[in-house]
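Right, one structure below, let's go through it.
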Amino acid sequence: MRSEQLHPGQGKGKIERLYAQLIAATPSGETVTISNSYFLPTRPLRDAIITAAARGVRFRLLLNASDAKDPAARVFGLAFRDELRRLWKRLPAEAIEVFEWQGSAKRNEASIHQKIAAFGRRGPILVGSANLDALSVSH
């Protein structure tokens, strides 16, 4: 098992390129699963998703709800809904599933914060700290 650590300042866009490469390497018929607290794909990630979906890769996303209690999570949830509408126009209907994290007031859970991704059944699994939005992937 190989492990690599990326740290802030190690080259702009390295995480974005890594995600795009792993999406491109995911075999047809497999599923890319992403759980990220602030997911708003950049053009390279969006293009990688569209290209992979066209060849039969499916996507399963767990994101913060558009009505999350945390204001920043709510803003990203709403912004992703707009992005999702644009993606749905360019993807096969079955290519993407989106689940919204609702949290629990009883357990003091307002939003998710994890950054986890799996690329197919036998592909790599990423666990990290980078949000997947333009600001985060470029710095």
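Quick note on the numbering used here: the sequence shown kicks off at 164 and runs consecutively.
Positions of the beta carbon are idealized from the N, C-alpha and C atoms, including for glycine.
- Taking C-beta separations shorter than 7 Å and ignoring five residues to either side along the sequence, the partners of Ala228 in its chain run Gly240, Glu263, Trp264, Gln265, following chain order.
- Counted as a single uninterrupted DSSP element, the stretch harbouring Leu181 is not any beta strand (DSSP E) but the alpha helix (DSSP H) occupying residues 177–188.
- The DSSP assignment places 221–227, 259–264, 278–282, 288–291 as complete runs of the beta strand (DSSP E) inside the stretch 218–301, in order along the chain (cut-off: 3 residues).
- Counting of Cβ neighbours within 10 angstroms places Ser198 among the buried residues, the total reaching 16 or more.
- Put simply, the backbone Cα of Leu208 is about 14 Å away from that of Arg221.
- The criterion of a C-beta distance shorter than 8 Å is satisfied by Ala293 and Ile178.
- Pairwise C-beta distances place the stretch 240–256 out of contact with the stretch 280–294, as fewer than three of them are shorter than 8 Å.
- Beta-bridge pairing by DSSP links Ile197 to Leu224, Ala280.
- Excluding sequence positions up to five before and after Pro287, its CB lies within less than 7 Å of the CB of Leu185, all in the same chain and listed in chain order.
- Remark: C-beta atoms of Leu181 and Phe202 do not approach each other more closely than 8 Å.
- In this structure Leu295 is not in contact with Val261, their Cβ atoms being roughly 14 Å apart against a cut-off of 8 Å.
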